[in-house]
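Here the protein sequences line up with chains A and B, keeping their order.
Its first residue numbered 56, the first sequence is counted upward by one per residue in the working numbering.
Its first residue numbered 177, the second sequence is counted upward by one per residue in the working numbering.
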Amino acid sequence: MIGILICQIVLSIVLASIFLIRPSLTSATGWKIVAFIGLGVLPALCLVGGMNTHVQRSEQTRFCVSCHVMIPYGQSLYVDDPNHIPAQHFQNHRVPADMACYSCHADYTIYGPLNDKMQGLKRIYLQYVSTPPDPAAIRIAGGFKNAQCLHCHMGARSFEENPVHAAVMDSLKSNQLSCLSSGCHDTAHDIANLSHEKFWKPVE
Amino acid sequence: MKLNQIGIRRLLRTSSALVIAGLLLEIVSLLWFHPLSFVLFAFVAASLIGLGVLVYLASLVFASAPPADNRN
Chain A
56 MIGILICQIV LSIVLASIFL IRPSLTSATG WKIVAFIGLG VLPALCLVGG MNTHVQRSEQ
116 TRFCVSCHVM IPYGQSLYVD DPNHIPAQHF QNHRVPADMA CYSCHADYTI YGPLNDKMQG
176 LKRIYLQYVS TPPDPAAIRI AGGFKNAQCL HCHMGARSFE ENPVHAAVMD SLKSNQLSCL
236 SSGCHDTAHD IANLSHEKFW KPVE
Chain B
177 MKLNQIGIRR LLRTSSALVI AGLLLEIVSL LWFHPLSFVL FAFVAASLIG LGVLVYLASL
237 VFASAPPADN RN
C-alpha cells in the first residue's frame with residue numbers, strides 16, 4: 056500500500072519537475088492537461104493517501120510505544136499476571152495485538168479518532184516543547200469510559216451471563232460504576248510497580 | 177514575450193517547487209516511523225503541497241484573465 060503511494064508521489068515529483076524546468080511547455084493544450092494532473096490532481100491525491108497512511112499507522116501498537124513516555128505502557132502489555140487487564144487482552148489476542156492501544160483507547164464515537172489525534176498532538180507538544188509528563192502520572196482526560204469495554208463485551212455470552220456483571224449492568228451501561236472500580240478489574244497498566252513484575256516472553 | 181506570460185511561468189515554477197518540496201517531505205514522513213513524522217506530514221508537507229496547488233490554481237486564473245488593454 057505504502058509502495059503504491061510512494062510510486063504515485065514519485066510520478067507527481069517527475070511531472071512537477073518538468074514544469075519547474077520548462078514552464079513554457081504549458082502553452083500547448085496537451086501539456087496544460089499534464090500540468091493540471093501533475094500540479095493539481097496528483098498532489099491532491101498524494102495528500103489524501105498520505106493522510107490515510109499516517110492515520111492508519113498511528114493506530115498501531117508499535118507507533119504508540121515509539122513515544123518515549125509510552126514505553127512503560129508498552130512493557131506493561133507483557134506482564135505475566137492475568138489480573139493485569141491490558142496484558143491479558145494483549146497476550147491472549149482479545150484485541151488485535153498490532154492495534155492493542157487503539158482498540159481500548161479509541162473513543163467509539165464519530166469524533167473519537169479525531170479526538171485521539173488531537174490528544175496525541177498535545178502529547179507531542181508536551182514532549183518536545185513543554186515539560187514531558189511522568190509516565191506514571193499520565194491520566195486519561197475524563198477517565199476511562201465503560202463504553203470502550205462494552206463496545207466488545209456487550210452482547211458476549213460470557214460477559215452477560217456473569218452474575219456479577221448482570222447485577223450491575225445498568226450502572227455499567229450508564230458509566231455510573233466503572234469497570235476499573237476497586238475490587239473489579241482495577242489493575243490496568245500498573246506502571247509504578249512495573250519493576251516488581253514478571254514478564255511474559257512470546258515464542259519467536 | 178508578454179508580461180503576463182512571464183508572471184504565469186514564475187507562478188508555475190513556484191508551484192512546482194512547492195509541490196516537489198512538499199512531496200519529498202511526505203516521502204520522508206512515510207519512511208520515518210516516529211510520532212514526529214505525523215507532525216512533519218500534517219503541518220509542513222501538507223502545507224507546502226496545498227500552497228503549491230493553490231499557486232497553480234492562481235496561475236490558471238491569471239492565465240484566463242483578459243489582458244489589461246482589452247478590458248472595456
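From the three backbone atoms N, C-alpha and C, an ideal C-beta is built for every residue, glycine too.
With burial defined as no fewer than 16 other Cβ atoms inside 10 Å of the residue's Cβ, what is the status of A:M173: buried or exposed?
Exposed, since its Cβ has fewer than 16 Cβ neighbours within 10 Å.
Beta-carbon of A:T108 versus every beta-carbon of chain B: anything under 8 Å?
yes
Proximity winner among A:Y157, A:L169, A:I179, A:I193, relative to A:Q203 (alpha-carbon distances):
Cα-wise, what sits closest to A:Q203 is A:Y157.
Coarse secondary structure for A:F254, derived from DSSP in three states
strand
With 8 Å set as the bound, which would you pick, yes or no: does the beta-carbon of B:N248 sit closer than that to a beta-carbon of chain A?
Residue confidence is low: B:N248 scores 47 on pLDDT, short of 50, so the model does not pin down where it sits. Its coordinate-derived value is still stated next. No, no contact with chain A.
Let's see if you can read the secondary structure: which residues bound the alpha helix (DSSP H) around A:Y183?
167 to 183
Answer with yes or no whether the minimum CB distance from B:S192 to chain A is below 8 Å.
yes
Any beta carbon of chain B sitting closer than 8 Å to that of A:F74?
yes
Coarse secondary structure for A:V134, derived from DSSP in three states
strand
Sequence-distant residues of its chain with Cβ nearer than 6 Å to A:T81 (five each side left out):
K87, A90
Thinking A:P188 and A:V124 are a contact (beta carbons under 8 Å), I'd like their distance in whole angstroms, please.
6 Å
I want to know whether the stretch 233 to 241 of chain A touches the stretch 192 to 204 of chain B - three or more CB-CB distances under 8 Å.
The way I'd put it, the stretch 233 to 241 of chain A doesn't touch the stretch 192 to 204 of chain B; fewer than three beta-carbon pairs between them come closer than 8 Å.
Whole angstroms is fine: what's the gap from B:R247's alpha carbon to B:G228's?
Caution is warranted here: a pLDDT of 48 is assigned to B:R247, below 50, making its placement in the model unreliable, and the coordinate value is therefore given only provisionally. Approximately 29 Å between the Cα atoms of the pair.
Sufficient close CB pairs (3 or more, under 8 Å) joining the stretch 57 to 67 of chain A to the stretch 98 to 118 of chain A:
yes
In whole angstroms, what separates the C-alpha of A:A196 from that of A:G167?
13 Å
Which bits of chain A does B:A222 rub up against, with CB to CB less than 8 Å?
L102, G105, M106
Are there three or more Cβ pairs, one per stretch, closer than 8 Å when the stretch 128 to 137 of chain A is compared with the stretch 90 to 102 of chain A?
no
Compare the C-alpha of A:P127 against each of A:I246, A:Q146, A:R149 and name the closest.
A:I246
How many angstroms separate the CA atom of A:S233 from the CA atom of A:M224?
Rounded to whole angstroms, the separation of the alpha carbons of A:M224 and A:S233 is 11 Å.
My output table needs one value for A:C163: the three-state DSSP class, helix, strand or coil.
Reading off the sequence shown, one finds Tyr at residue 163 of chain A, where the question assumed Cys. Reduced to three states, the DSSP call for A:Y163 is coil.
Answer yes or no: do B:S192 and A:A71 have a C-beta to C-beta separation smaller than 8 Å?
yes
For A:P105 versus A:S67, is the C-beta distance shorter than 8 Å?
The residue you asked about is not Pro; residue 105 of chain A is Gly in the sequence shown. Against a cut-off of 8 Å, the Cβ pair of A:S67 and A:G105 comes out as no contact.
Exposure label - B:L194; buried when at least 16 CB within 10 Å
B:L194 comes out buried.
Looking at B:I184 and B:F219, is the spacing between their C-beta atoms short of 8 Å?
No.
Thinking just about the alpha-carbon of each residue, which of A:N107, A:P257, A:R117, A:H160 is nearest to the one in A:N201?
A:H160
Kindly list the residues whose CB is nearer than 6 Å to the CB of A:L227, restricted to its own chain and excluding five residues on each side of it in sequence; keep chain order.
N201
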